[in-house]
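Q: Going down the list, the protein sequences come from chains A and B. Just so you know, the first sequence maps onto residues 1 to 308 in the working numbering. Just so you know, the second sequence maps onto residues 309 to 616 in the working numbering. Note that the Cβ used here is the ideal one computed from N, Cα and C, for glycine as well. The model shown is predicted, which means the values in this text are computed figures rather than measured ones. Let me give you the structure first, and then I'll get to my questions.
2 protein chains.
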Amino acid sequence: MLKKASLITLMLFGGSLSPAGQAATAGAATTPAEGKTPGEIVAQAPKSDWRAIAADDLLVMDLGNDKRVIIELTPKQISNQHRNNVVALARAHWWDNIAITRVQDNYVVQWGTPSSARALPKGAVAHPRQSYEFPRSNSGYRPVKSRDSYAPDVGMVGDFPAASNGNTAWFTHCYGTLGVGRDYAPDTGNGTELYIAIGQPPRHMDRNLAVVGRVIEGMHYIATMPRGSAPMGYISETDPPAGTIQSIRLMSELPRHEQTAYEVLDTLSPSFDQYVQARSHRLDSFFTISADGADICSMIPPVRKATS
Amino acid sequence: MLKKASLITLMLFGGSLSPAGQAATAGAATTPAEGKTPGEIVAQAPKSDWRAIAADDLLVMDLGNDKRVIIELTPKQISNQHRNNVVALARAHWWDNIAITRVQDNYVVQWGTPSSARALPKGAVAHPRQSYEFPRSNSGYRPVKSRDSYAPDVGMVGDFPAASNGNTAWFTHCYGTLGVGRDYAPDTGNGTELYIAIGQPPRHMDRNLAVVGRVIEGMHYIATMPRGSAPMGYISETDPPAGTIQSIRLMSELPRHEQTAYEVLDTLSPSFDQYVQARSHRLDSFFTISADGADICSMIPPVRKATS
Numbered sequence: 001m002l003k004k005a006s007l008i009t010l011m012l013f014g015g016s017l018s019p020a021g022q023a024a025t026a027g028a029a030t031t032p033a034e035g036k037t038p039g040e041i042v043a044q045a046p047k048s049d050w051r052a053i054a055a056d057d058l059l060v061m062d063l064g065n066d067k068r069v070i071i072e073l074t075p076k077q078i079s080n081q082h083r084n085n086v087v088a089l090a091r092a093h094w095w096d097n098i099a100i101t102r103v104q105d106n107y108v109v110q111w112g113t114p115s116s117a118r119a120l121p122k123g124a125v126a127h128p129r130q131s132y133e134f135p136r137s138n139s140g141y142r143p144v145k146s147r148d149s150y151a152p153d154v155g156m157v158g159d160f161p162a163a164s165n166g167n168t169a170w171f172t173h174c175y176g177t178l179g180v181g182r183d184y185a186p187d188t189g190n191g192t193e194l195y196i197a198i199g200q201p202p203r204h205m206d207r208n209l210a211v212v213g214r215v216i217e218g219m220h221y222i223a224t225m226p227r228g229s230a231p232m233g234y235i236s237e238t239d240p241p242a243g244t245i246q247s248i249r250l251m252s253e254l255p256r257h258e259q260t261a262y263e264v265l266d267t268l269s270p271s272f273d274q275y276v277q278a279r280s281h282r283l284d285s286f287f288t289i290s291a292d293g294a295d296i297c298s299m300i301p302p303v304r305k306a307t308s
Numbered sequence: 309m310l311k312k313a314s315l316i317t318l319m320l321f322g323g324s325l326s327p328a329g330q331a332a333t334a335g336a337a338t339t340p341a342e343g344k345t346p347g348e349i350v351a352q353a354p355k356s357d358w359r360a361i362a363a364d365d366l367l368v369m370d371l372g373n374d375k376r377v378i379i380e381l382t383p384k385q386i387s388n389q390h391r392n393n394v395v396a397l398a399r400a401h402w403w404d405n406i407a408i409t410r411v412q413d414n415y416v417v418q419w420g421t422p423s424s425a426r427a428l429p430k431g432a433v434a435h436p437r438q439s440y441e442f443p444r445s446n447s448g449y450r451p452v453k454s455r456d457s458y459a460p461d462v463g464m465v466g467d468f469p470a471a472s473n474g475n476t477a478w479f480t481h482c483y484g485t486l487g488v489g490r491d492y493a494p495d496t497g498n499g500t501e502l503y504i505a506i507g508q509p510p511r512h513m514d515r516n517l518a519v520v521g522r523v524i525e526g527m528h529y530i531a532t533m534p535r536g537s538a539p540m541g542y543i544s545e546t547d548p549p550a551g552t553i554q555s556i557r558l559m560s561e562l563p564r565h566e567q568t569a570y571e572v573l574d575t576l577s578p579s580f581d582q583y584v585q586a587r588s589h590r591l592d593s594f595f596t597i598s599a600d601g602a603d604i605c606s607m608i609p610p611v612r613k614a615t616s
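Rendered as structure tokens:
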């Protein structure tokens, strides 16, 4: 057994500014934020560039043995019956004490109890209006300059990666996206069954399924679940359990002393602009060639526990 | 505990052809392969559309407890000192009995023994010529119609996803890509330390690090390794072991009766064209909207155990 070496250790969140000479060789079309790494930009962002995430925009998923996953819900402002359903179901403790039913490598982790098995709680509707897209105007959609394989235009809506065709916009599927499972008919997903994307972002699901959130902490608990051996990653009777959900709660429903406050790098802040620039033009001294572009899923705004 | 429901079960590899009416509503610009799903196209591809992978293009990574990972090496035709080094190091059993040193969620799994600790074997060079790119002409580069966030053009070189700027081409980092770790100086990676990408493809590493292979089987053993708690996912002294490599061998070096033959959907075959089309235009009846595009990392040619 030998100890770790440095290697690509230094690739992400490099410790020091690139010297000017290095930055000059990076081949970037523009010069972002004086050659800082994305990690440095985040570390140095002033407090005013961070925004608190409301406790009723957060889900707390407990998997037992102190495994806690925190999920941010899509913005309330984008009125959406799927999101409303998920909130109503969380308040009703819908997903408590159930096993993860599906873990497909490079695709999704999935769980839930269909509403055919149990009456929906108050506030949830059986057939949410399909709102996989929403009008771009008044959504706060803010374009990010980047080519995209799936959409003419990409950007941010609130803290979420999104895409647009000009008239409508939609949330994109990325690593850690929470979505609403459904059957063949597009109106069959009501939030009782949910999935989280793992691996290569399943962007072909954009506009076909309802995105309702994103994992902001504990994603590794989801991503490391043992894969199911049945077709499409379903957990078979002979598989070891992939995981059991003890509870999913709104953060705001927990006793005050058990709540944790989070903040997100404000997508309207100068630091976020620099972050996007640095993601698109790597000028860290590790890099010799910069792509002049980046995937929208690699520009998701960073989150941290709130500082006081 | 309740049993699994159908839900997005049917999304990938749907069981039946889309009825014509469904296909007509999918909004695709062209009509690929009569509305078959990608899975159907693969299942129905004639034997002549599959190509055997040579046993000396395969690495067999054993992690103990029957956990076996199979890696396909980048094409010999793209002469590359990094690939040659990896082959020489595998023949010398360089990575046997070492622990995985780094598991960073949504980034890389990494291992190796630096050549500062041990003399390089015959056939390996200390400072391989940087060949993160290669001339596009004569590489067999075959463009795939798709917009890309990182490169002007994407395509395939042999069985590998690639990108090009017209003059040069390079292999792209995707989920499961095997690459050569290095330090700050671009010529410091000699194959003694390797990484596999997990999560969101780290495409910003394209042209900055040497891609030498891709996982074709057992990727879940890599992706589910417990993440390291030290900065950048390094395994700390107090972490449980992430995994131990018993051995990495060329498939051709195993005794005949222990060898497994694999074949890949030939990227020059009609079935692969249909596969790419279907990935870009989802016409399965599950989908109501098709993106008219797809990420090059979602078009990687499928592999199967050879049929006789």
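What number of angstroms, rounded off, separates the C-alpha of Trp94 of chain A from the C-alpha of Gly189 of chain A?
A: 15 Å
Q: With 9 Å as the threshold, decide whether the Cβ of Asn516 of chain B is near any Cβ in chain A.
A: yes
Q: For Pro610 of chain B, which residues from the same chain have a beta carbon less than 6 Å from its beta carbon, with the 5 sequence-adjacent residues on both sides left out?
A: Correct list, in chain order: Val350, Leu573.
Q: Would Ile556 of chain B and Leu367 of chain B qualify as a contact pair, given that the criterion is a beta-carbon distance under 9 Å?
A: Cβ distance < 9 Å, so Ile556 of chain B and Leu367 of chain B count as in contact.
Q: Could you give the first and the last residue of the continuous beta strand (DSSP E) run that contains Ser588 of chain B?
A: Unbroken run through Ser588 of chain B is the alpha helix (DSSP H), 578–588; no beta strand (DSSP E).
Q: Using CA coordinates, which residue listed in A:Tyr150, A:Val157, A:Asp57 is at the minimum distance from Ser139 of chain A?
A: A:Val157
Q: Please name the residue in B:Val488, B:Ser544, B:Gln438, B:Gln567 whose C-alpha comes closest to that of Ala363 of chain B.
A: B:Gln567
Q: Indicate whether Leu63 of chain A and Gly243 of chain A have their beta-carbon atoms separated by less than 9 Å.
A: yes
Q: Taking the alpha carbon of Cys605 of chain B as the reference point, which residue from B:Val452, B:Met533, B:Pro548 has its own alpha carbon closest?
A: Cα-wise, what sits closest to Cys605 of chain B is B:Val452.
Q: Does the CB of Gly507 of chain B have a neighbour CB from chain A at under 9 Å?
A: yes
Q: What does Phe595 of chain B reach in chain A if we use C-beta pairs closer than 8 Å?
A: His204, Asn208
Q: How many Å lie between Gly329 of chain B and Phe468 of chain B at the Cα?
A: With a pLDDT of only 24 at Gly329 of chain B, under 50, the local geometry of the prediction cannot be trusted, and the value read off the model is given with reservation. Straight-line Cα distance between these residues: approximately 35 Å.
Q: Please report how far the alpha carbon of Pro75 of chain A lies from the alpha carbon of Leu254 of chain A, in whole angstroms.
A: Their Cα atoms are separated by approximately 20 Å.
Q: Who pairs with Arg444 of chain B in a beta bridge, going by DSSP?
A: Beta-bridge pairing links Arg444 of chain B to no other residue.
Q: Using beta-carbon positions only, say whether Gly176 of chain A and Ile222 of chain A come within less than 9 Å of one another.
A: yes
Q: Measure the C-alpha to C-alpha separation of Gln246 of chain A and Ile100 of chain A and round it to an integer number of angstroms.
A: Cα-Cα distance, rounded: 11 Å.
Q: For Pro201 of chain A and Ala614 of chain B, what's the separation of their Cα atoms in angstroms?
A: 29 Å
Q: Counting only runs of 3+ residues fully inside the region 172–214 of chain A, write out the beta strand (DSSP E) ranges in chain order.
A: 177–180, 193–197
Q: Give the DSSP-derived three-state secondary structure of Gly372 of chain B in the structure shown.
A: coil
Q: Taking 8 Å as the cut-off, does the region 537–551 of chain B touch the region 514–524 of chain B (at least 3 CB pairs, one atom from each stretch)?
A: The region 514–524 of chain B makes no contact with the region 537–551 of chain B; the number of CB pairs closer than 8 Å stays below 3.
Q: Is the separation between the beta-carbon of Gln438 of chain B and that of Arg535 of chain B shorter than 9 Å?
A: no
Q: Would you please verify whether the beta carbon of Met61 of chain A is less than 9 Å from any beta carbon of chain B?
A: no
Q: Nearest-angstrom Cα distance between Leu558 of chain B and Asn405 of chain B?
A: 16 Å
Q: Is the beta carbon of Gly179 of chain A sitting closer than 9 Å to the one on Val154 of chain A?
A: no
Q: Can you tell me whether Ala92 of chain A is helix, strand or coil according to DSSP?
A: coil
Q: Taking Cβ positions, are Gly112 of chain A and Gly181 of chain A nearer each other than 9 Å?
A: Result yes, Cβ atoms of Gly112 of chain A and Gly181 of chain A sit closer than 9 Å.
Q: With a CB to CB cut of under 6 Å and the five nearest residues on each side skipped, what residues in its chain are close to Gly123 of chain A?
A: Ala88
Q: Using alpha carbons as the reference points, say which of B:Arg359, B:Ala353, B:Val433 lies closest to Ala569 of chain B.
A: The option with the nearest alpha carbon to Ala569 of chain B is B:Arg359.
Q: Shorter than 9 Å from the beta carbon of Ser220 of chain A to some beta carbon of chain B?
A: With the sequence shown as reference, residue 220 of chain A is identified as His, and Ser is not the correct amino acid for it. True, the Cβ-Cβ gap to chain B drops below 9 Å.
Q: What residue does the beta strand (DSSP E) around Ile248 of chain A start on, and which one ends it?
A: 247–250
Q: Quick test of your reading: Tyr107 of chain A and Ile196 of chain A, contact by CB under 8 Å. State the CB separation rounded to the nearest angstrom.
A: The pair is not a contact, with the Cβ atoms about 10 Å apart (cut-off 8 Å).
Q: Quick one: is Arg511 of chain B buried, meaning 16 or more other Cβ sit within 10 Å of its Cβ, or exposed?
A: buried
Q: Can you find the residues in the same chain that come closer than 6 Å, C-beta to C-beta, to Arg68 of chain A, ignoring five residues on each side of it along the sequence?
A: Asp62, Gly218
Q: What does a CB cutoff of less than 6 Å around Glu348 of chain B pick up in its chain, not counting 5 residues either side in sequence?
A: none
Q: Bridge partners of Gln412 of chain B, per DSSP?
A: B:Val416
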